[in-house]
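**Student:** Numbering (the numbering used here), first residue to last: 221 to 552.
Each residue gets a CB set at the ideal place from its N, CA and C atoms; glycine is no exception.
None of the values given here were measured: they were computed from a predicted structure.
Shown below is the structure under consideration.
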Ligand code: NAI
């Protein structure tokens, strides 16, 4: 049976890895640069499989258009699925599969990179020495060794991240409503309620999914509960943090460092070159003006290994679905 699949929001690197992985599957792949939304959904007409990315719109209206065009499966090339109206997909009989785990190391290592860069101010040092400024003033950091790290969400990524950070000699605190991770406990982690974790951690890193229960998990109250001058890292999803509360916390020094790989309003902005346009998002513009803030544009997943795993798992999910033994369905 010939299966046609359209890959939305695709860039050259997506074409490369999907084309290579498809050698083993032989699907009819179409690559579309546009993001999937109410206007572009018609482009999927005739495609049994639609492959959206993280900021594509997969709401009820889009799903209805896809359904009318003959789409049977939404094969997400991401772990997160907060952007999909699962109830509407179920009602329309459209399957939704995802890539639950692809190189958790990619995301965990990026979180570590943000911590080291913010702490040792490598972003400032890089610019300084290129400008002939070899002074150290303002670059003072702290030893990670002996400090306390709070991990919010100890699933696949949180666990890899925690074990790396244990190697720095950090004390690990963890919060997760699910069962504790044995490997993190073996690495010395203690599970605590969120409030206690926030109050005791020098660095807090978010690794939970965006769900109704985690929306704005970190708001003005939570920021006030953190240690004065602590560091906050978010490689989870933008909506985990109420970004409007961040500016005040940074201005007062309550928040000492901020590393964001995801941003609440990143849709339509991240993954694109907007350098010739005026930034319209005032909160993001203000955040980018702080020297102790680093924003990366949802690149934590972006390693060769992860891209290759994403392509192979996505195409494998499609095969399993059409073979009648679905796997990696969204089950929340
Ligand atoms: P996972 O499903 O293995 O783990 C998530 C953990 O969060 C689970 O243990 C769950 O019990 C926990 N959790 C749920 N509600 C919570 C709450 N209120 N407080 C604390 N923990 C809570 O997912 P995985 O693979 O570790 O990924 C985590 C998140 O990272 C994904 O949901 C996705 O949003 C994000 N992600 C970001 C990427 C990036 O490029 N920046 C790439 C891949 C994932």
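Report yes if the C-beta of residue 456 is less than 7 Å from at least one heavy atom of ligand 1; otherwise report no.
**Tutor:** yes
**Student:** Does DSSP classify residue 274 as helix, strand or coil?
**Tutor:** coil
**Student:** Where does residue 532 land, buried or exposed, given buried means 16+ other C-beta within 10 angstroms?
**Tutor:** Result: buried.
**Student:** Verify the contact flag: residue 431, CB atom, against every heavy atom of ligand 1, threshold strictly below 7 Å.
**Tutor:** yes
**Student:** Spell out the partners DSSP gives residue 410 in its beta bridges.
**Tutor:** 393
**Student:** Between the Cα of residue 444 and those of 397, 459, 535 and 415, spot the shortest distance and give me the residue it belongs to.
**Tutor:** 415
**Student:** Given the structure, does residue 427 come close to ligand 1, in the sense that its CB is under 7 Å from one of the ligand's heavy atoms?
**Tutor:** yes
**Student:** Just to confirm, is the Cβ distance from residue 192 to residue 453 under 8 Å?
**Tutor:** The structure shown does not extend to residue 192, since the chain is modelled only from 221 to 552, so the question has no answer here.
**Student:** With which residues is residue 335 paired in a DSSP beta bridge?
**Tutor:** In DSSP, residue 335 forms no bridge with anything.
**Student:** Tell me the rounded alpha-carbon separation between residue 403 and residue 312.
**Tutor:** 41 Å
**Student:** Between residue 270 and residue 256, how many whole angstroms is the CB-CB distance? I'm expecting something under 8 Å.
**Tutor:** 7 Å
**Student:** Determine the closest residue to residue 305 out of 509, 245, 277 and 411, with distance taken between C-alpha atoms.
**Tutor:** It is 277 whose Cα lies nearest to the Cα of residue 305.
**Student:** Using the Cβ count rule (16 or more neighbours within 10 Å means buried), how would you classify residue 349?
**Tutor:** exposed
**Student:** Could you tell me whether the Cβ of residue 370 comes closer than 8 Å to any Cβ of chain D?
**Tutor:** In the structure shown, chain D does not exist; there is a single protein chain.
**Student:** Looking only at its chain, what residues have a beta carbon closer than 8 Å to the beta carbon of residue 504, apart from the 5 residues adjacent to it on each side?
**Tutor:** 463, 483, 485, 489 and 515
**Student:** In three-state terms, what does DSSP make of residue 436?
**Tutor:** coil
**Student:** Let me check understanding here. Comparing Cα to Cα, which of 230, 544, 496 and 538 lies closest to residue 246?
**Tutor:** 538
**Student:** Taking 6 Å as the limit between beta carbons, can you name the residues of its chain near residue 501, skipping five residues before and five after?
**Tutor:** 485
**Student:** Quick check on residue 446: does DSSP put it in helix, strand or coil?
**Tutor:** coil
**Student:** Taking 7 Å as the cut-off, is the beta-carbon of residue 369 closer than that to any non-hydrogen atom of ligand 1?
**Tutor:** The beta carbon of residue 369 sits no closer than 7 Å to any heavy atom of ligand 1.
**Student:** Out of 536, 261 and 231, which has the shortest C-alpha to C-alpha gap to residue 289?
**Tutor:** Of the candidates 536, 261 and 231, 261 places its Cα closest to the Cα of residue 289.
**Student:** Give the DSSP-derived three-state secondary structure of residue 552 in the structure shown.
**Tutor:** Below a pLDDT of 50, predicted positions are generally treated as unreliable, and residue 552, at 48, falls in that range; the measurement from the model is reported next regardless. Residue state, collapsed to three classes: coil.
**Student:** So which of 379, 409 and 461 has the shortest CA-CA distance to residue 209?
**Tutor:** Nothing about residue 209 can be read from this structure; the chain reaches only from 221 to 552.
**Student:** Under 8 Å between the Cβ atoms of residue 328 and residue 380?
**Tutor:** yes
**Student:** What are the complete alpha helix (DSSP H) segments, minimum 4 residues, inside the region 231 to 259?
**Tutor:** 232 to 242
**Student:** Quick check: the Cα distance between residue 361 and residue 369, rounded to an integer number of angstroms?
**Tutor:** One C-alpha to the other measures close to 16 Å.
**Student:** Evaluate the contact criterion for the region 383 to 390 versus the region 433 to 448: three or more CB pairs, one atom per stretch, below 8 Å.
**Tutor:** no
**Student:** Kindly indicate which residue of 521, 228, 281 and 446 has the alpha-carbon position closest to the one of residue 419.
**Tutor:** With distances taken between Cα atoms, residue 419 lies closest to 446.
**Student:** From 430, 372 and 343, pick the residue whose C-alpha is nearest to that of residue 411; which is it?
**Tutor:** 372
**Student:** In the DSSP output, which residue or residues are listed as bridge partners for residue 293?
**Tutor:** 269 and 315
**Student:** Please classify residue 338: is it buried, with 16 or more other beta-carbons within 10 angstroms of its beta-carbon, or exposed?
**Tutor:** buried
**Student:** Say yes only if the C-beta of residue 321 is nearer than 7 Å to one or more non-hydrogen atoms of ligand 1, and no if none qualify.
**Tutor:** yes
**Student:** Suppose the cutoff is 6 Å on Cβ atoms and the five residues either side in sequence are ignored; what does the same chain contact list for residue 326 look like?
**Tutor:** 521, 523 and 526
**Student:** Within 10 Å of its beta-carbon, does residue 529 have 16 or more other beta-carbons around it, so buried, or fewer, so exposed?
**Tutor:** buried
**Student:** Would a C-beta distance cut-off of 8 Å place residue 294 and residue 549 closer than the cut-off?
**Tutor:** no
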